[in-house]
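Everything on this sheet refers to the single structure shown next.
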Amino acid sequence: MVQQPKVVILCGGMGTRLREETEVRPKPLVEIGQKPILWHIMKLYAHHKFTNFVLCLGYKGNMIMDYFKKNNDEGWIIEYADTGEKTNTGERIKRIEKYIDEENFLATYGDGVSTVDLRALYEFHLKHNKIATITCVHPYSKYGQVEISTDASVKQFIEKPVLRDYINGGFHVYKREFFDYLGENDVLEHAPFSKLVEKSEMMAFKHEGFWHSMDTWRDKQELNAMWKSGKAPWKVW
346 MVQQPKVVIL CGGMGTRLRE ETEVRPKPLV EIGQKPILWH IMKLYAHHKF
396 TNFVLCLGYK GNMIMDYFKK NNDEGWIIEY ADTGEKTNTG ERIKRIEKYI
446 DEENFLATYG DGVSTVDLRA LYEFHLKHNK IATITCVHPY SKYGQVEIST
496 DASVKQFIEK PVLRDYINGG FHVYKREFFD YLGENDVLEH APFSKLVEKS
546 EMMAFKHEGF WHSMDTWRDK QELNAMWKSG KAPWKVW
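Residues in the sequence shown are numbered from 346 upward in steps of one, following the working numbering.
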């Protein structure tokens, strides 16, 4: 039987922009509905048959461990790795190297939900055979836009449109050799990614659908409103 690749989730940051919540709990435990956002992320992976998780703990990590030890009704395989309270993202992943035996592994952050097809992402990564594959998404504008006619009259207001440019959507797949690119104090998106780009070892998996991170109190309210409406796009299970 072929062993499924592990999913590494970065759960250790301070979440300072969501201080109203993160003073009392780690950001991945901030709730959408009555479940932590981390549960929603893991549920998305499980929907695509990835159920073996490594959680990179840090700030208030014991609370995450306690939650899933009491509430793992899904039967997921969960390993907990203390990667330090103030460790940067690249070094966090470096510190879980001993947990990864497979040739490839998936990775994401503990604060974003999406409709990305994670199985298709993984197959895309295998097909192109590069060290890293990142999911690229279209973000929503933080501001509404005004559409103006050639005569300077206002045509319409567009509330928080989707932008045309791509950003890093945070759903990644790596070969195990990616650990060789990670060092002490590395921020994942800085030196490690730059080295991969220089060597043409990074691919982009384009996702044109829904994506939303929880960075601020407003983000939390928006995600909870979607869930309460019964029309949360990321609820694909």
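Heads up, the beta-carbon is just placed ideally off N, CA and C, and yes, glycines get one too.
Starting from residue i, follow its DSSP beta bridges and name the residues at the other end.
i           : result
residue 457 : 558
residue 478 : 518, 548
With distances taken from CA atoms, which of the options is nearest residue i?
i           : options            : result
residue 349 : 461, 359, 396      : 396
residue 459 : 425, 431, 484      : 484
residue 553 : 513, 351, 409      : 513
residue 470 : 389, 457, 546, 564 : 546
residue 527 : 550, 431, 415, 541 : 541
residue 467 : 420, 503, 394, 362 : 394
residue 357 : 550, 385, 417, 430 : 430
residue 461 : 369, 549, 566      : 549
residue 576 : 562, 555, 559, 561 : 555
residue 363 : 578, 559, 580      : 559
residue 511 : 481, 519, 496, 520 : 481
residue 448 : 543, 521, 355      : 521
residue 432 : 386, 529, 410      : 529
By Cβ distance, which residues of its chain are closer than 6 Å to residue i, with the 5 residues on each side in sequence left out?
i           : result
residue 378 : 572
residue 383 : 373, 455
residue 533 : 434, 435
residue 569 : 377
residue 498 : none
residue 620 : In the structure displayed, the chain extends from 346 to 582; residue 620 sits before or after that span and is not available.
residue 578 : 460, 555
residue 464 : 393
Could you pull out every residue in the same chain whose Cβ sits closer than 8 Å to the Cβ of residue i, ignoring the five residues on either side in sequence?
i           : result
residue 441 : 353, 399, 401, 426, 428
residue 539 : none
residue 360 : 366, 367, 371, 372, 375, 404, 456
residue 502 : 489, 490, 491, 492
residue 566 : none
residue 561 : 362, 363
residue 535 : 435
residue 581 : 389, 392, 460
For residue i, which of helix, strand or coil comes out of DSSP?
i           : result
residue 472 : helix
residue 351 : coil
residue 380 : strand
Give every residue of the same chain whose Cβ lies closer than 7 Å to the Cβ of residue i, excluding the five residues on either side of it in the sequence, and list them in chain order.
i           : result
residue 500 : 492, 493, 494
residue 523 : 476, 477
residue 473 : 548
residue 391 : 419, 421
residue 413 : 423
residue 537 : 435, 526, 527, 531
- Message: Which runs of the alpha helix (DSSP H) at least 4 residues long sit entirely within the stretch 491-558? Give them in chain order.
- Response: Whole alpha helix (DSSP H) segments, 4+ residues: 536-543.
- Query: Along the chain, which unbroken stretches of the alpha helix (DSSP H) at least 4 residues long are found entirely within the stretch 391-466?
  - Reply: 406-416, 434-439
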